[in-house]
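Residue numbers (our numbering), protein chains in the order written: chain A, 80 to 190; chain B, 32 to 143.
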């Protein structure tokens, strides 16, 4: 069983569209995250979320929003996609510690 | 900004121990040292973490200097599948809510 799973694995879309990436974890963790890895391979935290608190990296545009229907899911919604949003997006989860489990990533290409 | 410094790349012969250094001279007393690796096109994978004592698990050993300003990850008997970018990260154990701050890491290349 995959501990942290993301769908889709690949996403190609046009500028201006709205898209979502889904993430599910079956580890019973109470904290989930979204990271972005750009073309230069830098991994940056975008959001951290548990049932009490959402922590947003201040550099993330408000076109990006996490939505958590329940503790096991944290989906990423992106509005009005731009070329610069092209990247690999990773979902992760942890029990509120630095030991995190990552999904396999979603490669988003905006054309 | 990452609070660690790592060499950008290293080579290691297959079957030998890969020793990856990390400098974290500004680490504070309650911060842990975490190691992750990212094999090409995959998500980062947790390897090990420690506070001040040396640690060992099935994947690697972590040696932390007494002053805690640097550490070394040892991957014994490296195989070609260990080729990856290895990240040394400093963070609070109970402060995982802020997420991990990744630096540039060390690209470890295992040579046949």
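For glycine and all other residues, C-beta sits at the position ideal for the given N, C-alpha and C.
Run of the beta strand (DSSP E) containing residue i, from where it starts to where it stops
i: residue 52(B); result: 49-54
i: residue 101(B); result: 101-106
i: residue 68(B); result: 62-69
i: residue 73(B); result: Taken as a continuous stretch (DSSP letters only), residue 73(B) belongs to no beta strand (DSSP E), as it is neither H nor E.
i: residue 135(A); result: 133-135
i: residue 171(A); result: 166-173
i: residue 103(A); result: 98-104
i: residue 146(A); result: 143-146
i: residue 139(B); result: 137-142
Residue i to residue j span [Cα, whole Å]
i: residue 49(B); j: residue 133(B); result: 21 Å
i: residue 113(B); j: residue 170(A); result: 23 Å
i: residue 96(B); j: residue 111(B); result: 28 Å
i: residue 98(B); j: residue 65(B); result: 17 Å
i: residue 83(B); j: residue 105(B); result: 16 Å
i: residue 60(A); j: residue 161(A); result: Limits of chain A in this structure are 80 at one end and 190 at the other, which puts residue 60(A) out of reach.
i: residue 59(B); j: residue 177(A); result: 15 Å
i: residue 70(B); j: residue 41(B); result: 15 Å
i: residue 47(B); j: residue 87(B); result: 17 Å
i: residue 62(B); j: residue 120(B); result: 10 Å
i: residue 130(B); j: residue 152(A); result: 17 Å
i: residue 76(B); j: residue 115(B); result: 10 Å
i: residue 108(B); j: residue 143(B); result: 12 Å
i: residue 98(A); j: residue 145(A); result: 12 Å
Short Cβ contact (7 Å threshold) for residue i with residue j
i: residue 68(B); j: residue 79(B); result: no
i: residue 139(B); j: residue 117(B); result: yes
i: residue 159(A); j: residue 142(A); result: yes
Same chain, Cβ closer than 6 Å to residue i, five either side skipped, listed in chain order
i: residue 103(B); result: 50, 52, 94
i: residue 91(A); result: 188
i: residue 167(A); result: 116, 184, 186
i: residue 47(A); result: There is no way to answer for residue 47(A), as the model of chain A reaches only from 80 to 190.
i: residue 123(A); result: 115
Cut-off 7 Å between Cβ atoms - residues of its own chain near residue i, not counting five sequence neighbours on either side
i: residue 150(A); result: 109, 130
i: residue 135(A); result: 126
Neighbourhood of residue i by C-beta distance below 8 Å, restricted to the same chain and skipping five residues each side
i: residue 180(A); result: 82, 83, 104, 106, 108, 171, 172, 173
i: residue 122(B); result: 62, 63, 65, 129, 131, 132
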